[in-house]
Amino acid sequence: MNYLVCIDDTDMPGTKGTGWLVEELCNIISTKGLADCSAISRHQLFVHEDIPYTSHNSSMCFELTLKNGTIDPVIELMANFLKTRAEKGSDPGLCVAGLTEDLDQNSLIEFGKNAKQNVSSKAAAYALAEKVGIHLSEHGGTGDGVVGAVAGIGLRIFGDDGRYRGWYHLGRPGDIVGVDELCKHPFIDQLVTRSGIVLPLDSQVHIGSEKTKTVRMGSRQVLIAVANENSDQTGIFYRTITKQEAKLY
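FYI, in this note's numbering the residues of the sequence shown are 8 to 256.
In structure tokens:
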């Protein structure tokens, strides 16, 4: 069975971010043979003076495919990991949702979208978790990370939000690369424009910068392509987004 796992608020100023910790947790889960873990997506939430956060107020989410047994031992492992590895003074939250047919995805998506624009509360997060039947727990500090943990689940389900963890070197800036070649990478499902148009496999793009990130769009891990400023000279109409442009997602 597949589950979504989201973790929020494990770091403090001057320490490694939550993404580093979640990546380590995924490696432990995989090494122990408990489950397979997908790529980790980062979801930006509302930045407001009434919301305590370390630097960017973002949560980290991944899909977990259970190999055998039940999810309970995995949840226990993750909870113990957060209790011992989250930075002192942080407010970690953990949310785990089984991807079943009866999961109320719309309510989770609505909560996630709202958390990108408004201040949400712990009480609302716990109420929703109980309503839709998902695991939600706090593991230190105020536990305010439960809000971002639930929101991240909803935004991951939404499918058109966030960017994936990891920088990718796909060539030198200005290199011309075939879309089919780029899509051979296991971390690129498609090349798409910002409006969601899929580039044909037999087309070509310029590499926009030394490194970039992939984005979650259409529930897939995609590389964004934008209009190429030098298309008149090269005949190549698109380029991959730059490092700075990738940070906008």
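Cβ atoms here follow ideal geometry from the backbone N, Cα and C, with glycine treated the same way.
Can you give me the Cβ contacts of M224 inside the same chain, cut-off strictly under 8 Å, excluding the 5 residues immediately before and after it? Taking the sequence shown and counting its residues from 1, the one referred to as residue 224 is at position 217. Same-chain partners within the cutoff: G166, D167, V199, G203, I231.
Do the segment 23-39 and the segment 126-145 make contact, defined as three or more Cβ pairs closer than 8 Å? No, because fewer than three Cβ pairs between the segment 23-39 and the segment 126-145 fall closer than 8 Å, the two stretches do not touch.
In whole angstroms, what is the alpha-carbon distance linking N75 and L89? The count along the sequence shown starts at 1 and reaches residue 75 at position 68. The count along the sequence shown starts at 1 and reaches residue 89 at position 82. Between N75 and L89, the C-alpha separation is close to 23 Å.
Do V186 and P207 have their CB atoms nearer than 8 Å? As a working note, residue 186 is residue 179 in the sequence shown. As a working note, residue 207 is residue 200 in the sequence shown. Going by C-beta atoms, V186 is nearer than 8 Å to P207.
Just to confirm the assignment, what range does the beta strand (DSSP E) spanning G100 have? Here residue 100 refers to the residue found at position 93 when the sequence shown is read from its first residue. Its beta strand (DSSP E) spans residues 100-105.
Among V103, G150, I195, P180, which has the Cα closest to the Cα of L84? Looking up residue 84 in the sequence shown gives position 77. Out of V103, G150, I195, P180, V103 has the C-alpha closest to the C-alpha of L84.
Under 8 Å, with one C-beta from each stretch per pair, do the segment 148-162 and the segment 35-55 reach the 3-pair mark? Taking 8 Å as the limit for Cβ pairs, the verdict is that the segment 35-55 does touch the segment 148-162.
With DSSP as the reference, please indicate the residues paired to N235 in a beta bridge. In the sequence shown, residue 235 corresponds to position 228, counting from 1. N235 is not bridged to any residue.
Which whole-angstrom value is the C-beta distance of F118 and V157, which I expect to be below 8 Å? Residue mapping note: residue 118 aligns to position 111 of the sequence shown, counting from 1. Residue mapping note: residue 157 aligns to position 150 of the sequence shown, counting from 1. F118 to V157, Cβ: 6 Å. Contact.
How is N64 classed by DSSP in three states: helix, strand or coil? Residue mapping note: residue 64 aligns to position 57 of the sequence shown, counting from 1. In this structure, N64 counts as coil in the three-state DSSP scheme.
Can you give me the C-alpha to C-alpha distance between K39 and E236, rounded to a whole angstrom? Position 32 of the sequence shown, counting from 1, holds the residue named residue 39. Position 229 of the sequence shown, counting from 1, holds the residue named residue 236. About 48 Å.
With respect to the beta strand (DSSP E) encompassing R223, which residues constitute its N-terminal and C-terminal limits? In the sequence shown, residue 223 corresponds to position 216, counting from 1. For R223, the uninterrupted beta strand (DSSP E) segment begins and ends at 222-224.
Length of the line joining the Cα atoms of Y245 and V233: As a position in the sequence shown, residue 245 is number 238, starting the count at 1. As a position in the sequence shown, residue 233 is number 226, starting the count at 1. Put simply, the backbone Cα of Y245 is about 5 Å away from that of V233.
Can you tell me which of the three DSSP states A46 falls into? For the purposes of this step, residue 46 is taken as the residue at position 39 of the sequence shown. Correct three-state label for A46: coil.
To which residues of the same chain is V205 closer than 8 Å at the C-beta, ignoring the five residues directly before and after it? Position 198 of the sequence shown, counted from the start, is the residue given in the question as residue 205. Closer than 8 Å at the Cβ level, and outside the excluded window around V205, lie Q197, L198, V199.
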